[in-house]
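2 protein chains.
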Amino acid sequence: MGIADDAVEVRAQGWRTLAALHGLIEAALERALSAEAKLSVVEYTVLDALSRQDGWHMRMQQLARATALSPSATTRLVNRLEDRGLLTRILCADDRRGIYTELTAQGRGLYEKVRPVHDAALRAVLAEAEEQPELAPVVAALGAGARTTAG
Amino acid sequence: MGIADDAVEVRAQGWRTLAALHGLIEAALERALSAEAKLSVVEYTVLDALSRQDGWHMRMQQLARATALSPSATTRLVNRLEDRGLLTRILCADDRRGIYTELTAQGRGLYEKVRPVHDAALRAVLAEAEEQPELAPVVAALGAGARTTAG
DNA sequence: AGTAGATAGTTGCACATGCAAATACAAAGC
DNA sequence: GCTTTGTATTTGCATGTGCAACTATCTACT
Chain C
1 MGIADDAVEV RAQGWRTLAA LHGLIEAALE RALSAEAKLS VVEYTVLDAL
51 SRQDGWHMRM QQLARATALS PSATTRLVNR LEDRGLLTRI LCADDRRGIY
101 TELTAQGRGL YEKVRPVHDA ALRAVLAEAE EQPELAPVVA ALGAGARTTA
151 G
Chain B
1 MGIADDAVEV RAQGWRTLAA LHGLIEAALE RALSAEAKLS VVEYTVLDAL
51 SRQDGWHMRM QQLARATALS PSATTRLVNR LEDRGLLTRI LCADDRRGIY
101 TELTAQGRGL YEKVRPVHDA ALRAVLAEAE EQPELAPVVA ALGAGARTTA
151 G
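Quick note, the sequences are listed as chains C and B, same order.
Here the numbering used here is used: position 33 in the first sequence is 33, and no number is missing along the way.
Here the numbering used here is used: position 25 in the second sequence is 25, and no number is missing along the way.
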């Protein structure tokens, strides 16, 4: 087996590792959020993204990018959250095709309540992942990435 | 904002980065595999896992772990591939609850045909990801992890 | 031997997702 | 002004997924 073949295998192994870590974290968050507030991970992602806009709106398309979802899935995701009274659609005046979404007071309240649970679960699952030799370097790189970005 | 809050935010940002990278890679592989052989990423994962056993069997449960799927989803995934003639179920003699799966000649052939396409797509998307400053350190860590594992 | 409890896999059902088509609106060209 | 082209969002439809319940088999205990 040559050097080129090695590189291919390294990439494949790296991708499997990434997928495993992603699945581990997502499953842990899913459990925590579902138990605490019947929220899925994407639903929490929406609340999180909207709350980070702090009083500002987000278009459906931005939401689709933030959640890595298709437009149709985004529509239905927003429908679900709107039906639960967690956010509202706001028609945009200057581009009447566009639709903004904004957290309601209830949505913000639920987010504030769930966030510590989410953060604790994330902390726990990352600690767990760091104990697995295969996953540890990737976990470490997540922090390094943030430092790079912030620094 | 205190040090603890910073750590929380670093972890959250790291998780978003990981999810973004995962989504990027999965979408790229999905496109490549679907175009080449109407295979989804999980379906390819099954062929890959089975081929790496090289002539040996895999239980449903092992397959479920390899694909990070539920038992029921694994059943239907195997059904799909069996219907396409890519693998066969083999009843296990010593534990008649257990079911082994094995690639057919056709399945192995398809895998051999698709693998280079998969590898090329993975190589390309990783190169693309490495150009994004936020993703680059994580991509680098994937290789580092493999190096660590391989010793 | 016989029963109780655990384990492997499958099925019914509800639901979230993506793709393609439809609708509504905006922007550009003539 | 009108048409053509492009963009934002929504809906119809098919499909993949998880959970819970079910069947079949194994294991342990008596």
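We put the beta carbon where it would ideally sit given N, CA and C, even for glycine.
A quick note: this is a predicted structure, and the numbers were derived from the prediction, not measured.
- Nearest CB-CB separation between LEU122(C) and chain B: below the 7 Å threshold.
- Contact residues of the segment 104 to 121 of chain B toward chain C are ASP119 (C-beta to C-beta distance below 7 Å).
- ALA127(C) and THR17(C) have their C-alpha atoms spaced approximately 16 Å apart.
- Approximately 16 Å separates the beta-carbon atoms of LEU86(B) and ILE99(B); this is outside 8 Å, ruling out the contact.
- Under the Cβ criterion of 7 Å, PRO137(C) is counted among the residues facing chain B.
- DSSP, reduced to helix, strand and coil, places GLU131(C) outside both helices and strands of the structure shown, so it counts as coil.
- Between LEU81(C) and THR74(C), the C-beta spacing is not below 7 Å.
- Annotated three-state conformation of LEU50(B) is helix, per DSSP.
- DSSP places LEU91(C) inside the beta strand (DSSP E), whose first and last residues are 87 to 91.
- Short of 8 Å from the beta carbon of ARG89(C), and not among the five residues preceding or following it, lie these beta carbons of its own chain, in chain order: VAL78, GLU82, ILE99, TYR100, THR101.
- Assigned with DSSP and collapsed to three states, LEU110(C) falls in helix.
- Chain B places a beta carbon closer than 7 Å to that of GLY14(C), counting this residue as a contact.
- The C-beta of ARG59(B) comes no closer than 7 Å to any C-beta of chain C.
- The beta carbon of LEU39(B) lies closer than 7 Å to those of LEU33, VAL114 in the same chain, with the five residues before and after it left out.
- Collapsing the DSSP output to three states places THR104(B) in coil.
- If you draw a straight line from the Cα of ALA124(C) to the Cα of ARG97(C), it comes to about 43 Å.
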